[in-house]
Amino acid sequence: MPHSKVKPLKQFTVGPALLAFARVVEHGSFAAAARTMNLSPAAIGQSVARLEDFLGVRLLNRTTRTMSLTPEGRMLIERARGPLSEIDEISRIFEERRGTVSGPLRISAPVGVARHQLVPLIANFSALHPAVQVELDATDEVRDFAEGSIDVSIRIQRPSDSSIIARPIADLQALTLASPQYLKTAGVPTEPRELAQHRCIGYRYPSTGRIADLHFRAGGKDLTLPVQPWLVVNDVEAACELAASGLGIVQPPGNYAADHLANRRLSPILSRFVATPWRVYLCYPNRSKLPLRVRAFIDYARDHLKQVNFSPADTGRSRPVRRASR
Numbered sequence: 000m001p002h003s004k005v006k007p008l009k010q011f012t013v014g015p016a017l018l019a020f021a022r023v024v025e026h027g028s029f030a031a032a033a034r035t036m037n038l039s040p041a042a043i044g045q046s047v048a049r050l051e052d053f054l055g056v057r058l059l060n061r062t063t064r065t066m067s068l069t070p071e072g073r074m075l076i077e078r079a080r081g082p083l084s085e086i087d088e089i090s091r092i093f094e095e096r097r098g099t100v101s102g103p104l105r106i107s108a109p110v111g112v113a114r115h116q117l118v119p120l121i122a123n124f125s126a127l128h129p130a131v132q133v134e135l136d137a138t139d140e141v142r143d144f145a146e147g148s149i150d151v152s153i154r155i156q157r158p159s160d161s162s163i164i165a166r167p168i169a170d171l172q173a174l175t176l177a178s179p180q181y182l183k184t185a186g187v188p189t190e191p192r193e194l195a196q197h198r199c200i201g202y203r204y205p206s207t208g209r210i211a212d213l214h215f216r217a218g219g220k221d222l223t224l225p226v227q228p229w230l231v232v233n234d235v236e237a238a239c240e241l242a243a244s245g246l247g248i249v250q251p252p253g254n255y256a257a258d259h260l261a262n263r264r265l266s267p268i269l270s271r272f273v274a275t276p277w278r279v280y281l282c283y284p285n286r287s288k289l290p291l292r293v294r295a296f297i298d299y300a301r302d303h304l305k306q307v308n309f310s311p312a313d314t315g316r317s318r319p320v321r322r323a324s325r
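Residues in the sequence shown are numbered consecutively from 0, following numbering that gives the first Met the number 0.
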């Protein structure tokens, strides 16, 4: 009786497929994982599918809108973290020996800082290191370094986590502003305490849910006023737009209001009371063995962000006063 031909198995290497799976879990989508690995989403999807076939289990529950780990997928990613970190460490060692600055770099920053200060800095950094794939997460939410897979972040509040290094790099001048339309109707306050009789637009920190206080400096002393807002937002640019529409008084970091000041939709008030600046921090994990691309960006950002103007060019204000973080 003739033997039936056995169909040979296609050659399959677990390592690359496992790495693709880990990147999908880390970044939350095939498209995001593909960007970090310089592959197509289809190639990433194929790798994960072949890994599932090889193991004989489903690792991800996928629909057109959502993706989640199966119990088997969760077990695999927990077991694989150690070996994958060893692979990353080996890659880092060889990067060091070659002096190669390459690979994915994920940066998080507040929207206003990202648009006005960080975009030109990233453009110059990328020109120096074209092999680095930068992913910029522009958000006012505070991303977690572990869960959000962030390498470096710019923050306006010092992190409370002791495992994060926070280097102060600049002061972002705050301004107290209102539209000419609002001031004509409600009157111009002459001192900070009069703001209790005005409509103030409050900013709610996305990370804590707390509404930001108003801060001033007068007579060598800091003055903090809790806000009793009649309108609250969690986006600084939206707060500026609302104030420019005549809805109240706002105290944003100055770079968010530069366009409104230039076209005179917003005007500075309380000029005798300098609004104390927001401290800007460059943050990264407290690790002794950061990848070369991360260290290269930290060094570049630390040197160049200190030279960047974080305030509008012409606000009619005196020189910002240094103060502790909020």
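The C-beta atom is built at its ideal place from N, Cα and C for all residues, glycine as well.
- In this chain, Ser-161 is not harboured by any beta strand (DSSP E), its DSSP state being neither H nor E.
- Assignment of Gly-55 by DSSP, reduced to helix, strand and coil, places it in the coil class.
- Here the stretch 223–238 makes contact with the stretch 248–255; the two share three or more CB pairs at distances below 8 Å.
- In this structure, Val-279 lies away from Ile-163, with their beta-carbon atoms at least 8 Å apart.
- Residue environment analysis places Ala-217 among the exposed positions, since fewer than 16 neighbouring C-beta atoms fall within 10 angstroms of its C-beta.
- Rounded to the nearest whole angstrom, the CA to CA distance from Leu-265 to Glu-134 is 33 Å.
- Within the same chain, Asn-254 come within 6 Å of His-115 by CB-CB distance, once the 5 residues on both sides are set aside.
- Between the alpha carbons of Pro-129 and Leu-120 lies a distance of about 14 Å.
- Taking a C-beta distance under 8 Å as the contact criterion, Leu-59 and Gly-72 qualify as a contact pair.
- With respect to Ile-43, Ser-107 sits apart: the two C-beta atoms are not nearer than 8 Å.
- Segment contact: the stretch 62–76 against the stretch 19–38, three or more CB-CB distances shorter than 8 Å; contact assigned.
- For Arg-166 against Leu-281, the beta-carbon gap comes to about 5 Å, under 8 Å, which counts as contact.
- Excluding the 5 residues flanking it on each side, Phe-29 has same chain C-beta neighbours closer than 7 Å at Val-23, Pro-40, Ile-43 and Gly-44, in chain order.
- The Cβ neighbour count for Val-231, taken over all protein chains shown within 10 Å, is under 16; the residue is labelled exposed.
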